[in-house]
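> Before I ask anything, let me first share the structure, which is written out below as structure tokens.
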Amino acid sequence: MNNVFVKRVLRGAWVCSLLVALLLLAYWLIPLLYPFLIAWFVAYMMNPFVSWLDRHFRLPRWLSVILALLVYFGSAIIVFSAAVTRLVKELIHVTESLDLSIEKWKNAFLEWSQNEKLQSILNEINRFIASHPGYSNTLHKNFDSTAVNISSAISRAVASLLNGVVNLLTSLPSLGIIVLVILLAAFFMSKNWNQNLQLLTRFIPEPFQQTAREIWNDLQKALFGYLQTQFIMISITAVIVLIGLLILGVESAFTYALLIGFVDLLPYLGVGTIMIPWLVYAYVSGDLSLGIGLSILYGLLLVSRQLIEPKVLATSVGLEPLPVLIATFAGLKLFGVLGLIIGPVSLVIIGATIRAGVVRDLRNYIVSGRLR
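So that you can map any letter, position 129 of the sequence shown is 192 in this note's numbering, and since no number is skipped, the others follow by simple counting.
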């Protein structure tokens, strides 16, 4: 066998093994190190403010970092507390209105069941069952099993809800510890930001430093541009929905606006997963004014997104919807709810490494044994 071919196969196997090992390592480390990744992101985001405090007020670096943390986290806590308070109030109202809706649906069903045509059909069915005892036994068994299945499903749903509440309450102490770790890690990372960068640079071999700089510059533009774009689009969607629902007189508009804004993260699906069933239900239930209003609101959301999104994406590296959908779904399956962010972010990182020539260098290494 050709010696050159064997070496290429061995180098290719080595590269594939290394990539698989890195992916497995990332899959294993991300759940363990995500507080420090969040802390790094916080330190990166507040670093310009910290530097501004250093320049203008001549404060020690550690004091500037503490002030920045107080401003950032204080603002986040105020906004989060206000949002949660409003959300809890509206969820309580939604629960109360749900009871009224169930009673309304029950009365409508009872009224419909008293319809003369329906009663005549039921009488015919009863006569048929009475003349065929075998069918009667089968139907009774099916009804019994259906009732058992429904009661079991309700019991499981209630148990799942109660377990969720218990898990939430028991996770509060650990959540507090995680927040404390993030704060401390963000403080030390931001305090020694320049020293950490110099230390990281010394760990990167000289031939790879230019590639690393290209990847980092691309990531700053693409990754943070993508996150900024998503935040802007979600905010615009939530504000439009909130204003529209307030005009329509929909109660708990704030809760619905937050929910629809969050669902807008899903490419292709987006707000339609909630708006379309909602407006269809409004038409079916006879609430034509709400149905027409929701239809207009949904059309306005679609038009505004088509007009605004290209302009917002012009400041960042755009991504095709289908790869984003695949990355989002894969991230959701691998990492749960956090995967909605991890998936697209990983896609952006992969794109940055490709544009920096990493794939080209790996191909050169496999073919010729040299990176460049």
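Cβ coordinates follow ideal geometry from the N, Cα and C atoms, glycine included.
Here the structure is a predicted model, which is why all the values come from computation and not from measurement.
Quick one: grab the DSSP three-state call for P407.
Helix, per DSSP.
> To test your reading of the DSSP string, which unbroken alpha helix (DSSP H) runs of 4 or more residues are found completely within the stretch 293-331?
DSSP runs (the alpha helix (DSSP H)) wholly in the stretch 293-331: 316-326.
> Where does P268 sit, in a helix, a strand or coil, going by DSSP?
Coil, per DSSP.
> Taking a contact to mean a Cβ-Cβ separation below 8 Å, would you say P407 touches A419 in this structure?
Their beta carbons are not under 8 Å apart, which means P407 does not touch A419 by this criterion.
> Could you work out which residue in T300, E314, G324 and G402 is closest to Q369 when comparing CA atoms only?
Of the listed residues, the one whose Cα sits closest to Q369 is T300.
> The alpha helix (DSSP H) with G349 in it runs from where to where?
Neither: G349 is in no alpha helix (DSSP H) and is coded neither H nor E.
> Would you please state the rounded distance, in angstroms, between the beta carbons of A106 and S253? I believe it to be under 8 Å.
Contact flag correct, Cβ pair sits at about 4 Å.
> Give the DSSP-derived three-state secondary structure of G432 in the structure shown.
Three-state DSSP puts G432 in coil, outside helix and strand.
> How many angstroms separate the CA atom of K70 from the CA atom of F266?
Cα-Cα distance, rounded: 29 Å.
> What would DSSP say about A390, mapped onto helix, strand or coil?
A390 falls in the helix class under three-state DSSP.
> Identify which residue in V142, A131, F120 and L246 has its Cα closest to the Cα of I101.
Here the closest residue by C-alpha is L246.
> Does the distance from the C-beta atom of V326 to that of V334 stay below 8 Å?
Cβ distance < 8 Å, so V326 and V334 count as in contact.
> For F250, which of W103, Y90 and I404 has the nearest alpha-carbon?
It is W103 whose Cα lies nearest to the Cα of F250.
> Can you give me the start and stop residues for the alpha helix (DSSP H) that R74 sits inside?
Looking at the DSSP string, the run of the alpha helix (DSSP H) that includes R74 is N66 to F120.
> Please state the DSSP three-state secondary structure of G420.
In the structure shown, G420 sits in coil (DSSP, three-state: anything other than H, G, I, E or B).
> When the Cα of A352 is compared with those of L311, Y428, L385 and V411, which residue comes out closest?
The question names Ala, yet the displayed sequence has Ser at residue 352. Considering only alpha carbons, the answer is L311.
> Report yes if the CB atom of S127 is closer than 8 Å to the CB atom of V147, and no otherwise.
In this structure, V147 does not lie closer than 8 Å to S127 by Cβ.
> Please state whether DSSP places G356 in a helix, a strand or coil.
Helix at G356.
> Quick one, which of I412, F317 and A393 has its alpha-carbon nearest L286's?
L286 has its Cα closest to that of I412, out of I412, F317 and A393.
> Quick one: residues in its chain with C-beta nearer than 8 Å to the C-beta of L360, no 5 flanking neighbours on either side, listed in chain order?
These residues qualify, in order along the chain: I303, V304, G307, L308, L311 and M338.
> Can you grab the Cα-Cα spacing for the pair L116 / L133, in whole Å?
Rounded to whole angstroms, L116 to L133 spans 13 Å at the Cα level.
> On the criterion of 16 or more Cβ atoms from any shown chain inside 10 Å, does V67 qualify as buried, or is it exposed?
When all chains shown are included, V67 counts as exposed.
> With distance defined between alpha-carbon atoms, name the residue in S80, E277, A320 and W279 nearest to S298.
Closest option to S298, Cα to Cα, is A320.
> Is the beta carbon of F136 closer than 8 Å to that of A248?
No, these two residues do not count as a Cβ contact at 8 Å.
> Mind checking whether G394 and G402 have CB atoms under 8 Å apart?
Contact flag set, yes.
> Exposed or buried, which one is G356 when buried takes at least 16 other CB atoms within 10 Å?
G356 should be labelled buried.
> Are the beta-carbon atoms belonging to R74 and G432 less than 8 Å from one another?
Yes, Cβ-Cβ distance for R74 and G432 is below 8 Å.
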